[in-house]
Amino acid sequence: MSFAGLTIERRNAAFSIKGVDLALVNALRRAIIAEVQTAAFCFDPETQSNTVDIKVNTSVLHNEFIGHRLSLIPVHLTENETLDVAEGRAQYEFSLQRKNDGGTPIDVTSGDFVGSLNGEPLSADVIARMFPRDPFTQDHILIIRLKSGSGGDEEEIDATCQLRMGCGKDHSRWTPSSVCSLGNKIDEVKAAAALDEEVKKARAMNATEEEVDRIVHDFKCMGRHRCYLINEHGDPAEFLFKLRSECGLRPTYLVFNGLNILQERVQLLAKNIRDANAPDPAKVEPVTIEAYGNVPGMFQFTVANEDHTIGNLVQSLVYNQTIRAGGDNDLEYIGYNQPHPLENRICIRVKVNQESVQDVRQFLADCLVRIVIDIKIIMTEWIEFSELSVAGIRDVEQFKMNYRTEFAAMDDVQANAKVNKKGANKKEVPPVDGQPNPIINKRSNKKKEVPSASSSPGAIPANGASPAKRKGPKKAADT
18 MSFAGLTIER RNAAFSIKGV DLALVNALRR AIIAEVQTAA FCFDPETQSN TVDIKVNTSV
78 LHNEFIGHRL SLIPVHLTEN ETLDVAEGRA QYEFSLQRKN DGGTPIDVTS GDFVGSLNGE
138 PLSADVIARM FPRDPFTQDH ILIIRLKSGS GGDEEEIDAT CQLRMGCGKD HSRWTPSSVC
198 SLGNKIDEVK AAAALDEEVK KARAMNATEE EVDRIVHDFK CMGRHRCYLI NEHGDPAEFL
258 FKLRSECGLR PTYLVFNGLN ILQERVQLLA KNIRDANAPD PAKVEPVTIE AYGNVPGMFQ
318 FTVANEDHTI GNLVQSLVYN QTIRAGGDND LEYIGYNQPH PLENRICIRV KVNQESVQDV
378 RQFLADCLVR IVIDIKIIMT EWIEFSELSV AGIRDVEQFK MNYRTEFAAM DDVQANAKVN
438 KKGANKKEVP PVDGQPNPII NKRSNKKKEV PSASSSPGAI PANGASPAKR KGPKKAADT
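Sequential numbering from 18 applies to the sequence shown in the numbering used here.
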């Protein structure tokens, strides 16, 4: 894993990543967009979470319209200021009071805010930093235009706003970035060869120069993107990541925060899988486990409050560290799906070797622990590469201190990641589905039903048969 080519211009950042699976880079992108916590005004008048109070409004726009516009104004807090809001140590309040008693219309903008922190007024310089002008037009964000009037017909707006933490999946007002994308690094040698081949084919068919120019233009726009660097498995080997922050959080910190969110979520998933039990209609469990179909050694984990971000990450990285890496054949299959796009729930299916894996819960949890360790190593590399190590950000410093504490024990964690090998360390395992000790699968002389190999990996066939057993190790298709 390595980073290269970091460029930062204003709130924009771009860099390349290589030596890591596409699933992790894409999970990072999704985490930044939807999971990173930021501070914003929350206009939701029907709930207690509302932090926008419009006291007076005689303008042509109704309260809901203005409240929505106010809530979409980004507030540029620094990383430590955002942490203060999240931890309840800072209470910011901003007021917007304008009245047009002149003869011409006036614009009410984000530059008209007056604010306080824990009851103490904020200076004009701090307000200007929190609500900056557009770097190109040098204008503040327009909120409303008040028409002129006299004799009691003056238009007026009086509102107070407080900050509330949230993330992009709750509402776009908390989305920290307007650009967060990744692309494959182009293999220039392969692209040049492919373009030459296209031009040769065109000329062989007596194409005019205008037609050849059109072929070259189309290739440079689209065709060259199919010629990217690949690794020994045929997967993309290097990625270009672009990011634009729309809040006070620097783009390099957003990357750190996104990685931190991923490792925390995978760590929590490992704990919940280790403690998973059979489904109980009377309880709501974060993770449940049940035997899947009639295939020996195949189980399904149903994970609540997770989506494709973690599902695809777990499927790909566990596959890489087990099936693709070779060695022990403890894992024969892993796949996942999200049963319904509107339900925040995923199903992870695994098939383990009955002879070497005694507890599928412990086995999968150990695989997830190794993913957490890998992500933490990437985080330390990013901190040094992006120079966040000298930025004085509290949670970055806290992570560095915790990582140094954990580093001494990391070798022990990796050494103990594979347990219960070939009868060693056998222990009593709680039952699943009310069956006696089903995690330890007993062999039987009875012939097992093997479904057709045409079944989609990770999905239940329409005829109700169990998933197909592959002829060889093969990665599950993305679901």
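Positions of the beta carbon are idealized from the N, C-alpha and C atoms, including for glycine.
Problem set entry | Selection from Thr95, Ile390 and Ala295 that minimises the alpha carbon distance to Phe316 | For Phe316, the closest of Thr95, Ile390 and Ala295 by C-alpha to C-alpha distance is Ala295.
For this session: Below 6 Å CB to CB, which residues in the same chain sit around Ala382 once its five sequence neighbours on both sides are set aside?
Result: Ala287, Ile290 and Arg291
Exercise. Is the Cβ-Cβ distance between Leu87 and Ile161 less than 7 Å?
Worked result: Contact: no.
For this session: Using a threshold of 7 Å, state whether the C-beta atoms of Phe402 and Phe20 are closer than that.
Result: Against a cut-off of 7 Å, the Cβ pair of Phe20 and Phe402 comes out as a contact.
For this session: Determine the extent of the beta strand (DSSP E) in which Ile327 is found, giving its start and end residues.
Result: From DSSP, Ile327 is part of no beta strand (DSSP E) but of the alpha helix (DSSP H) over His325 to Tyr336.
Exercise. Hey, would you say Phe273 sits closer than 7 Å to Leu405, going by beta carbons?
Worked result: yes
Problem set entry | Which residues DSSP lists as bridging Phe318, in chain order | Ile306 and Ile365
Problem set entry | Terminal residues of the beta strand (DSSP E) in which Glu255 lies | Glu255 to Ser262
For this session: Could you tell me whether the segment 247 to 262 touches the segment 296 to 312, where touching means 3 or more Cβ pairs closer than 8 Å?
Result: no
Problem set entry | Pairwise C-alpha distance: Arg411 and Val73 | 40 Å
Problem set entry | Cβ pair count under 8 Å reaching 3, the segment 336 to 352 against the segment 44 to 64 | Fewer than three pairs of CB atoms, one per stretch, sit closer than 8 Å, so the segment 336 to 352 makes no contact with the segment 44 to 64.
For this session: Decide if Leu159 is buried, meaning its Cβ has at least 16 other Cβ atoms within 10 Å, or exposed.
Result: Exposed, by the Cβ-count rule.
For this session: Just tell me which of Lys300, Gln332, Val374 and Gly169 has its CA closest to the CA of Ile365.
Result: Ranked by how close their Cα comes to the Cα of Ile365, the residues Lys300, Gln332, Val374 and Gly169 have Gln332 in first place.
Problem set entry | Segment contact flag, the segment 116 to 133 with the segment 35 to 53, C-beta cutoff 8 Å, min 3 pairs | no
For this session: Could you tell me whether the segment 107 to 121 touches the segment 189 to 209, using the rule of 3 or more Cβ pairs below 8 Å?
Result: no
For this session: Count the other CB atoms, across all protein chains shown, that sit within 10 Å of the CB of Thr99; report buried if there are 16 or more and exposed otherwise.
Result: buried
Exercise. So, helix, strand or coil for Ala2, using DSSP?
Worked result: Because the chain is modelled from 18 through 496, residue 2 falls outside the range shown and cannot be assessed.
Exercise. Going by other Cβ atoms of all chains shown within 10 Å of its Cβ, with 16 needed for buried, is Met18 buried or exposed?
Worked result: exposed
Exercise. Where does the unbroken beta strand (DSSP E) through Glu26 begin, and where does it stop?
Worked result: Ser19 to Glu26
For this session: Run the CB neighbour count on Asn544, radius 10 Å, all protein chains shown included, and call it buried at 16 or more, exposed below.
Result: Because the chain in this structure spans residues 18 to 496, residue 544 falls outside the shown range and cannot be described.
Exercise. With 16 other CB atoms within 10 Å as the buried threshold, where does Ala40 fall?
Worked result: Ala40 counts as buried, since at least 16 other C-beta atoms from the protein chains shown sit within 10 angstroms of its C-beta.
Exercise. When DSSP labels each residue in this structure, what does Ile247 get in the three-state scheme?
Worked result: strand
Problem set entry | Rounded straight-line distance, which links the Cα of Arg27 to that of Phe153 | 12 Å
Exercise. Which residues share a DSSP beta bridge with Lys116?
Worked result: Glu173
Problem set entry | For Arg150, the three-state DSSP class (helix, strand or coil) | coil
Problem set entry | Whole-Å CB distance - Gln355 paired with His325, under 8 Å assumed | 6 Å
For this session: For Leu385, I'd like the list of residues in its chain whose CB is within less than 8 Å of its CB, leaving aside the five on either flank, ordered along the chain.
Result: Val283, Gln284, Leu286, Ala287, Ile290, Val331 and Val335
For this session: For Gln379, name the three-state secondary structure that DSSP assigns.
Result: helix
For this session: Measure how close the beta-carbons of Pro149 and Leu266 come, nearest whole angstrom, since I'm counting them as under 8 Å.
Result: The beta-carbon distance between Pro149 and Leu266, rounded to whole angstroms, is 14 Å. This is too long to meet the 8 Å contact definition.
Exercise. Of all the options Lys393, Gly344, Gln375 and Val301, which has the alpha carbon lying nearest to the alpha carbon of Arg10?
Worked result: In the structure as shown, the chain starts at 18 and stops at 496, and residue 10 therefore has no counterpart that could be examined.
Exercise. Is DSSP giving Asp101 helix, strand or coil here?
Worked result: helix
For this session: Output the distance between the C-alpha atoms of Ile388 and Trp399, rounded to the nearest integer angstrom.
Result: 16 Å
Exercise. Should Lys202 and Glu255 be called a contact, given that it needs their Cβ atoms to be closer than 7 Å?
Worked result: Cβ atoms of Lys202 and Glu255: closer than 7 Å.
For this session: Please go through the same chain and pick out, in chain order, the residues whose beta-carbon is closer than 6 Å to the beta-carbon of Asp118, but skip the five residues on each side of it.
Result: Glu171
Exercise. If we ignore side chains and look at the alpha-carbon of each, how far apart do Val312 and Phe424 end up?
Worked result: 40 Å
Problem set entry | Start-end ranges of the beta strand (DSSP E) lying completely within the segment 166 to 231, minimum 3 residues | You should have 173 to 183 and 194 to 201.
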